[in-house]
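Student: Note that the protein sequences, when read in sequence, are chains A and B. Our numbering puts the first residue of the first sequence at 1, with every later residue one more than the last. Our numbering puts the first residue of the second sequence at 622, with every later residue one more than the last. A single structure is presented below for examination.
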Amino acid sequence: MPSAPPASPPESTTRVLLRLRRWARPALPRIALGGLTALGASLLALAVPQVLRVIVNGPLLSEGSQRGVILGAAVVLALGVLEAFLVWCRRALILTPGTTVERDMRTDLFRHLLDLPVEFHDRWSGGQLLSRIMSDLGTIRRWTVFGLVMLLVSATTVVVGIGLMLATSWVLGLVYLVGAVPMIWLGFRFREDYKVVARRARDQAGDLATTVEESVHGIRVLKAFGRGADALDDFARQADELRTTEVHKAKTQSRVSFALSAIPEAILAVSLGFGVVLTSRGELSVGALVAFFATAAVVNSPVERLGMLLAMTLDAKAATDRYLQVMDTGSAVRDPAEAVALPVADPAGSRVELSGVHFAHPRSASADGELRGGSDILAGIDLVLEPGETMALVGLTGSGKTTLLQLVPRLYDVTAGSVRIDGVDVRDLSRADLRAAVSIAFEDPILFSASVRENVLLGTDLSGQAADDLVAEALDVARAGFAYGLPDGLDTIIGEEGLSLSGGQRQRIALARAIAVRPRVLLLDDPLSALDVTTEAAVTGRLREMLTGTTTLVVAHRPSTVALADRVAVLEDGRITGVGRHADLLSTHPHYRYVLTALSALDDPGGADDAQADELAEVRP
Amino acid sequence: MSAPVTSATSESFEEQSTAAESRRIRRRSLGLLRSLLRPVAGAAWGTAALVVGAQLAAVAGPALVAYGIDQALPALTDGDAGPITLATAAYLAAALLGGVLTAATVRASARVSQTMLLDLRRRVFRHTQRLSLEFHESYTSGRIISRQTSDVDALRELLDGGVTTLASGVLAMVFTAVSLVLLDWRSGLVLLIAVVPGVILTRWFQVRTQVQYRKQRTAAARLIVRFVETMTGIRAVQAFRREPQVREVYGDLAEDYRGSSATSIRLNGVFDTGLTLIGNVTVAAVLLVGGLRALDGGIEVGVLVAAVLYSRRFFNPLQQIGMFYNSFQSATAALEKLASLLAEEPTVPDPERPKRLAEARGDVRFDDVEFGYGTGPTVLPHVDLHIPAGQSIALVGETGAGKSTIAKLLARFYDVRAGAVRLDGLDLREIDPVDLRRAVVMVTQEAYLFSGSIGANIALGKPEATPQEIEAAARAVGVHDLIAAMPDGYDTEADKRGVRLSAGQRQLVSFARAFLADPVLLILDEATSSLDVPGEALVQVGLQTLLADRTSVVIAHRLSTVMGSDRVLVIEDGRIVEDGSPFALVAAGGRFADLHADWQRSLRRTT
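Rendered as structure tokens:
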């Protein structure tokens, strides 16, 4: 299942995690300070055994001083209270940065995704993006708040602790140090294995999210064909794969937890033997022996924690990799370095000129994994829309009409040639200016969870009475008067979280939305396909009146939609093979005649009425 | 035609905070957790045994140290090396055993937790598939996705390490306490007294975080809903320059989410600090009590050391337990949401005693049918209709007249309020769902393609179909040439939401799907609206073969499609107002005749 393009070559964990600086920078002082307090807290914890050593050697074993014992206990109490205070400080210091870093990374990714061209979204499945912006960022947050700090603190505690142990008794300290070597070695081995599995687990989780998303968005199809069980099988298989990976991950982790739990204890066992022997020979005081074990007890818990922290770090690395993979994707559709302004609009309308336009979808991996270059969908389009003209674009399904339309607002960029509005290449305009001048009604009307009014006003910045008038007019032209009769009128929430409308209703709202922009160039992608003939005729009539001064390109599949247009362009094999009036093309252009009537060139053209009658005759049982 | 929003029942609890309601919700989510645990109970107990073993091995340490200092040291000084050898060997054995058992615990607990997660994922997925369209239309896809991703993740975090952490933590505390009491009951008493404020603190933490984590789950779901909607509609967002507004809304939601997780983390900080404080005070107290008694010779120094080591150990796991509590609260909140989703009953339930429909003929009846969406107004007040097997029907009427509603009832996407829809005399509600779906197929305007190959997408109509059958279906609807010209033919990836296929091509693919499914009753709801004229003509030709001995109900705005049917029903305000052959209706003069005249005019105008 293709879900996301393959990952980039592996980078070192440190280098990847260091790239988080970009978001963590404002928080760094607090994180550093938090780290310091955490360090202070563990050093305090390490100080307790030293106090213990003094008490055992002094007041307890040699002096027998009650005051000494009480004083010692008071010092331990003070150290303990201070440690608790420092723990609180660490929490308080790191709290804000941890969550703001996550929020900033999340909004940055969102902003970046909004900026990435449609071509990117075509390639990436929703689940992979969703798992990145939710669960991967959560992992990163937990690591920055807890993992990173604790990793540094634990490592320092271990180092300082070993130092103290060496100071207490160099023999025993050495024993501990020697034991640490295999732990470090195992830790590194573990890192390599774990990294691979951690990334695989995350990618599989992303694929699973994609399957979930599809099963929800495609629910009507699954229900209509009763394929819920098959979808479940598919999902269960994927979920089971994820489970296998996770269990495998745990196996890798179990090796390191064996080492990190058995080795420190084994060291203590050996130390016990050595220590008792040394003490019996008088080479070590009882207090020092006690202090050694108390220190080892303090050090052992961060050692055991290291395994978990290491795993957490590697998980965070995998998550960061996945996050950066998207953030590093540059936008192919960019604003120009110095944007040109569109010339002031001519009341008669804008001139739109496509010259030598080629378009191919970018290379993508095919089923067998090999890269294929996309073949040209548009192979040299030359077309001029005169100011104020309404032109219909006619061609067989899949001939590239929708693609051509989307080149104008730069939802895709041409691979060769140029699209010009009033003489300015659309790539020289800022996208904001361009998309303010150009408006589009998609064939598949995309409405958002917002009120009817907000949906219609989506492309405008008007408010107040002007906005109300605009909505009223746009709804009127699109014959979307039904909107007033919805439960809350124009304030009714539609879209996914609101009232579900029929296909025809959605199409008319989307049309109203495109009109409301009052664009210089209007692009309509078969905007009336879901309307019945009567409604279509009414909309067509109003549209024609309203479109004076707006240059319009309308994709048409039916003669009735062509009725909107002054001229028609025929798209065939990636080129424009004819431009002219409907009636002329019908008699002179065989392909046009075929597309609109399904009659081959050999049939007598006759009148359109007859042609339609013939068509009926042909399809009648 | 439009389905009014039924109130989002399952989420309503978010706003309610009555104690009784809260308890009920909690019971339900714990019930879910229990039922997930049941199948893995054996393995879970096994894991628990491993944890006990590992903790027993760990708890031996300080006791051996005490033995070493108090017994083996004097013995060695007297020249007897036996005790210290024994102590060292025993400690080594405990270390090894502890390591092995800990490693085994990690593996075993992963197996248990991953098995539970698989079970949960499957249950939720299956259940959402079972739930009726009515539910899907009101719950929104983003929320369902959020349940199946981020909420399951929350439980994963709990199970991943949390449960073993808790078990080993609690056990470590119990064993440590027991060991200390055995070693020196007075020190043990000090430790046990310290448990009291610990429990009070934990209880406070539990109460405070429960509400907080619910808020956090809701905030997460809102983020996901907004994200999914924006990414699904990215074309419109970009084309209409809505990026700034969308960003702002998302930024606010991200800030809400940040705020709620910050509050949880803050509560955790207090908990963590409190535990450290209690622990450290206890260590000082044990030292004081023990030290004073050691002065009188009440206990030996080794025992005192062991007591200090034990009391320090005792509070070590508390931090981890705090972390566990963290993920536990978050998981409970997630489980509550999941449990409430699982508690949703399909409004179109499977029959209890399904009737088989072996050889369906395709005879359809609407008997006194009344219908409305949810609790909304009546959409179809009274429909009586008989469609003999093999007849092709066209439904005609204004947008919103109820045509799609009739189609949805026929496909049993919804159930009638009164009366019955029958296929071959059987109430749809009684027919075995597998048989029903084989007999009745509905193709809608939105031609959804799943990721995977084009061939696989067609095969959705009949999973066991051979490549030849798939190709035959594609040929029948005239999409074969198009697919054959693609880079990998039928193996070409359909890509995300099939965007690289035009709307018309997608409709052809979904039509091939229906063709392959070969149902006895085919419902086409605007299924050909995006086709061009030649495409539709091809489909029509294909339809003739398919519809020859099958029942069909077609909703189309193009009269060219309608005129080819046996019988036309004109629907107005949910009632059938005209019924007859297309030519008879045109001749009779009436609404259909008017429509036909309009159509004729529209054709003439284009010439």
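Glycine is no exception: its CB is placed at the ideal position from the N, C-alpha and C atoms.
(1) Tell me whether residue 589(A) sits in a helix, a strand or coil according to DSSP, three-state version.
(2) Could you tell me which residues DSSP puts in a beta bridge with residue 986(B)?
(3) Quick check on this structure: which residue in 1108(B), 1086(B), 1016(B), 1143(B) has the alpha carbon closest to the alpha carbon of residue 1179(B)?
(4) Would residue 317(A) count as contacting chain B if we go by Cβ distances under 8 Å?
(5) Measure from the alpha carbon of residue 711(B) to the alpha carbon of each residue in 700(B), 723(B), 693(B), then state which is nearest.
(6) What is the rounded straight-line gap between the Cα of residue 725(B) and the Cα of residue 248(A)?
(7) Where do the ends of the alpha helix (DSSP H) carrying residue 804(B) lie?
(8) Could you check if residue 176(A) is buried or exposed, using at least 16 other CB atoms within 10 Å of its CB as the buried criterion?
(9) For residue 891(B), tell me which candidate among 464(A), 212(A), 109(A), 95(A) has the shortest Cα-Cα distance.
(10) Kindly list the residues whose CB is nearer than 7 Å to the CB of residue 958(B), restricted to its own chain and excluding five residues on each side of it in sequence; keep chain order.
(11) For residue 757(B), return the contacting residues in chain A, with the cut-off set at a CB-CB distance below 8 Å.
(12) For the segment 1100-1117 of chain B against the segment 1069-1076 of chain B, do three or more pairs of beta-carbon atoms, one drawn from each stretch, fall closer than 8 Å, so that the two count as touching?
(13) Using a Cβ cut-off of 7 Å, which residues of the segment 381-409 of chain A contact any Cβ in chain B, in chain order?
(14) Could you check which residue in 104(A), 43(A), 51(A), 79(A) has the C-alpha nearest to that of residue 21(A)?
(15) Run through chain A and tell me which residues come within less than 8 Å of residue 1125(B), C-beta to C-beta.
(16) Use the C-beta contact count for residue 964(B): other C-beta atoms within 10 angstroms, 16 or more gives buried, fewer gives exposed.
(17) Counting only Cβ-Cβ distances shorter than 7 Å, please list the residues of the segment 223-247 of chain A near chain B, keeping chain order.
(18) Identify the continuous alpha helix (DSSP H) that holds residue 440(A) and give its terminal residues.
(19) Listing by chain order, which chain B residues have their CB less than 8 Å from the CB of residue 591(A)?
(20) May I ask which residues mark the beginning and end of the beta strand (DSSP E) holding residue 418(A)?
(21) Can you tell me which of the three DSSP states residue 1092(B) falls into?
(22) So, does the CB of residue 1220(B) fall closer than 8 Å to a CB anywhere in chain A?
(23) On the premise that residue 905(B) lies in contact with residue 77(A), defined as a C-beta separation below 8 Å, what is that separation, rounded to the nearest angstrom?
(24) Residues in its own chain within less than 6 Å of residue 451(A) by CB, not counting five upstream and five downstream?
(25) Would you tell me roughly how many angstroms separate the C-alpha atoms of residue 453(A) and residue 878(B), rounded to the nearest one?
(26) Taking 8 Å as the threshold (beta carbon to beta carbon), is residue 285(A) in contact with chain B?
(27) Do residue 680(B) and residue 797(B) count as a contact pair if the criterion is CB distance below 8 Å?
(28) Does chain A have any CB closer than 8 Å to the CB of residue 834(B)?
(29) Residues of chain A with a CB under 7 Å from the CB of residue 686(B): which are they?
(30) On a Cα-Cα basis, can you pick out the residue from 206(A), 97(A), 375(A), 305(A) that is closest to residue 125(A)?
(31) Based on Cα-Cα distance, which residue from 678(B), 1023(B), 912(B), 881(B) lies nearest to residue 54(A)?
(32) So the alpha helix (DSSP H) residue 134(A) belongs to, where does it begin and stop?
(33) Find the residues of chain B that neighbour residue 594(A), judging by a C-beta separation of less than 7 Å, and give them in chain order.
(34) Using a beta-carbon distance below 8 Å, is residue 258(A) in contact with chain B?
(35) For residue 1120(B), decide whether its Cβ has a neighbour in chain A, counting only Cβ atoms nearer than 8 Å.
(36) Can you name the start and end residues of the beta strand (DSSP E) that residue 358(A) belongs to?
Tutor: Once the coordinates are examined:
(1) coil
(2) 1007(B), 1043(B)
(3) 1016(B)
(4) no
(5) 693(B)
(6) 13 Å
(7) 784-804
(8) buried
(9) 95(A)
(10) 768, 772, 838
(11) 216, 219
(12) yes
(13) 396, 397, 398, 402, 409
(14) 104(A)
(15) 397, 398, 557
(16) exposed
(17) 223, 224, 225, 226, 227, 228, 230, 231, 232, 235, 236, 239, 240, 243, 246, 247
(18) First-last for residue 440(A): 438-441, but that is the beta strand (DSSP E), not the alpha helix (DSSP H).
(19) The premise fails here: residue 591(A) is roughly 10 Å from chain B at the closest Cβ pair, so nothing lies under 8 Å.
(20) 416-421
(21) helix
(22) yes
(23) 4 Å
(24) 491, 493
(25) 28 Å
(26) no
(27) yes
(28) no
(29) 272, 293
(30) 206(A)
(31) 912(B)
(32) Note, residue 134(A): premise wrong, no alpha helix (DSSP H); not H, not E.
(33) 1155
(34) yes
(35) With a pLDDT of only 48 at residue 1120(B), under 50, the local geometry of the prediction cannot be trusted, and the value read off the model is given with reservation. Chain A, which has a Cβ nearer than 8 Å to the Cβ of residue 1120(B), makes this yes.
(36) 352-359
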